[in-house]
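Under our numbering, the very last position in the sequence shown is 300; numbers go up by exactly one each time.
Yeah, the Cβ is synthetic: ideal placement off N, Cα and C, and Gly gets one too.
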Amino acid sequence: MVFLRKYLESCGCEPELIALIRLVSRQMGAIRKAFLENQMYENTLNASGELQAQMDTWADNHLIRVVGESGLVRELASEEQEEIIRFENSRCEYAMVMDPLDGSSLISTNLAVGTIVGIFEKGSVLQPGSKLRAAFYTIFGPLTVLVVSVGKGVQSFAWDPETEHYLLLRDRFCVPEGSQYGTGGVRKDWLPAHLKVLEYFDQNGFKIRYSGSFVADCHQLLVYGGIYTYPGSMKKPEGKLRLLFEANPLGFIITQAGGRITDGKQNILDIMPEKPHQKTPIYIGSKGIIDTIEKIYSTT
Ligand code: AHG
Ligand code: MN
Ligand code: MN
Numbered sequence: 001m002v003f004l005r006k007y008l009e010s011c012g013c014e015p016e017l018i019a020l021i022r023l024v025s026r027q028m029g030a031i032r033k034a035f036l037e038n039q040m041y042e043n044t045l046n047a048s049g050e051l052q053a054q055m056d057t058w059a060d061n062h063l064i065r066v067v068g069e070s071g072l073v074r075e076l077a078s079e080e081q082e083e084i085i086r087f088e089n090s091r092c093e094y095a096m097v098m099d100p101l102d103g104s105s106l107i108s109t110n111l112a113v114g115t116i117v118g119i120f121e122k123g124s125v126l127q128p129g130s131k132l133r134a135a136f137y138t139i140f141g142p143l144t145v146l147v148v149s150v151g152k153g154v155q156s157f158a159w160d161p162e163t164e165h166y167l168l169l170r171d172r173f174c175v176p177e178g179s180q181y182g183t184g185g186v187r188k189d190w191l192p193a194h195l196k197v198l199e200y201f202d203q204n205g206f207k208i209r210y211s212g213s214f215v216a217d218c219h220q221l222l223v224y225g226g227i228y229t230y231p232g233s234m235k236k237p238e239g240k241l242r243l244l245f246e247a248n249p250l251g252f253i254i255t256q257a258g259g260r261i262t263d264g265k266q267n268i269l270d271i272m273p274e275k276p277h278q279k280t281p282i283y284i285g286s287k288g289i290i291d292t293i294e295k296i297y298s299t300t
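What follows is the structure in C-alpha cells.
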C-alpha cells in the first residue's frame, strides 16, 4: 500500500507542500458528511452572480477556516468569495485557488461532484496556470478519489475511511485520443466556430457524455480521452467557467497527463489573469483533438 504522504515525498515535494495537500484533501470526509444536512440553496449569490448551494458555502467556510488556521497559505482566492483573502500570520508563502464545490447543481441528483484546488509556490493568486506548483481535485463518487499533480505526471488516490489514509489507486495517467465529448451552453447561442467544432465531432462519430459537473467530466478525459467544452456564446463571449478556480487547476492536471487546454485560440495556462473571477471559454482533453479545434478556430 502506498500512502499519499510517502508518494509526495518520493516526488521530492517540500514538507510544507505535502502538509498543505494532505490538510486540504483530508477535509473531504467532513465535506462528504455535510451533504446530508446541506441539500438546499442559500438565498445568496456568488461573485459570478450564481445562486449558492448550501454545500458551496459550507465547503467554502470549512476550507477557509482550516487553511487559515494552518499558517501554510499567504493568499487564498475562492470561487465563493468576492475578494482575495490574505493570511498575514502565515508562516509560508503559498497562494491557493479553489472551487470548494464544483458541480453543485447536481447535489439534489446525487451525481458526482468535487473540490478543485491549485497551489502557487509564492506570490499572488493572479498568475498563469503554467506557474502552478501543484493542483488537485477530489471526486465524491462511489469512492472519494483524489487526483493530484506536483509536476511529475498525474496520480490518483482513494480515501480509505477505515485507516483514514489516501491509498495509491493509479500512479500514472496518459490522456488517450478519445472519441467522446461534452459541451455546455445552448445551441441557439453557440458561435460559428463552436458549431464547426461540433460538426467535426459528429462527422467523426464522437459520442456525447456531459454530466453537469466539470470535475467529473474532466476525470473521464483522463481515463477515456475526448473533449469537455464550455464555449463562449453570443451573449457571454467569455463563457461560464472561471480561469483561476476551474480552468487552470484542471488544465494543469490534464496537461501533466499529456492532454491540452485551450480557449480555441491559445493555451489557457499561458493567460495572465487580471481579476479573480475572470471567465474563459474552455476546450480541454486529448491533445490531437485540441490541435484540430485550434485549426478550426483559426480558419473560422
Ligand atoms: P460550479 O458548481 O462550481 O458553479 O460549477 C458548475 C460548472 C461546471 O462544473 C459544469 O460543467 C457546468 O457549470 C455546468 O453548467 P450548465 O449547468 O450550464 O451545463
Ligand atoms: Mn465549478
Ligand atoms: Mn463551485
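| Asked | Found |
| --- | --- |
| LYS240 classed as buried or exposed, judged by whether at least 16 other C-beta atoms fall within 10 angstroms | buried |
| Below-7 Å beta-carbon distance, LEU126 vs any chain C residue | No chain C is present in this structure, which holds just one protein chain. |
| Beta-carbon contacts of ILE290 that lie in its chain and below 7 Å, excluding the five residues immediately before and after | ARG260, THR262 and TYR283 |
| heavy atom of ligand 1 below 6 Å from ASP99 C-beta | yes |
| Ranges of the beta strand (DSSP E) found wholly within the stretch 61-114, counting only runs of at least 3 | 73-78 and 94-102 |
| Distance between ILE84 and LEU132 (C-alpha atoms, nearest Å) | 17 Å |
| Residue span of the alpha helix (DSSP H) that contains THR292, given as start and end | 287-298 |
| When SER156, ALA257 and SER48 are compared against SER25, the one with the closest alpha-carbon | SER156 |
| C-alpha gap between GLY99 and ASP60, whole angstroms | As written in the sequence, residue 99 is Asp, which differs from the Gly given in the question. So the two alpha carbons sit approximately 8 Å from each other. |
| Closest by C-alpha distance to GLU246, when choosing among GLN220, PRO281, MET234 and VAL223 | PRO281 |
| Rounded separation between ILE254 and LEU146 - CA only | 14 Å |
| Best match in ASP189, THR183 and ALA193 for proximity to PHE301 [C-alpha to C-alpha] | This structure leaves residue 301 out entirely; the chain is present only between 1 and 300. |
| For VAL117 and GLU75, believed in contact at Cβ under 8 Å, the rounded distance | With 8 Å as the limit, GLU75 and VAL117 do not qualify as a contact, their Cβ atoms being about 14 Å apart. |
| Where SER25 sits in the DSSP three-state scheme | helix |
| Inter-stretch contact at 8 Å, needing at least 3 Cβ pairs: the stretch 168-181 / the stretch 211-226 | yes |
| Closest Cα partner of LEU36 within the set TYR210, GLN27, LEU169 and GLN54 | GLN54 |
| Reduced DSSP category for TYR210 - H, G, I as helix; E, B as strand; rest coil | coil |
| Nearest-angstrom Cα separation, counted from LEU63 out to VAL303 | Because residue 303 is not part of the residues shown, which for the chain are 1 to 300, the question remains open. |
| Neighbourhood of ALA193 by C-beta, 7 Å cutoff - its chain only, sequence neighbours within 5 removed | GLY264, ILE296, TYR297 and THR300 |
| THR138 vs THR109 beta-carbon contact at 7 Å | no |
| Length of the line joining the Cα atoms of ALA257 and PHE140 | 21 Å |
| Cα-Cα separation between LYS236 and SER104, rounded to whole angstroms | 21 Å |
| CA nearest to the CA of SER213, picked from LEU8, TRP58 and LEU111 | LEU111 |
| GLU79 Cβ short of 6 Å to ligand 3 heavy atom set | yes |
| Inter-stretch contact (C-beta, 8 Å, three-pair minimum) for the stretch 30-49 and the stretch 4-13 | no |
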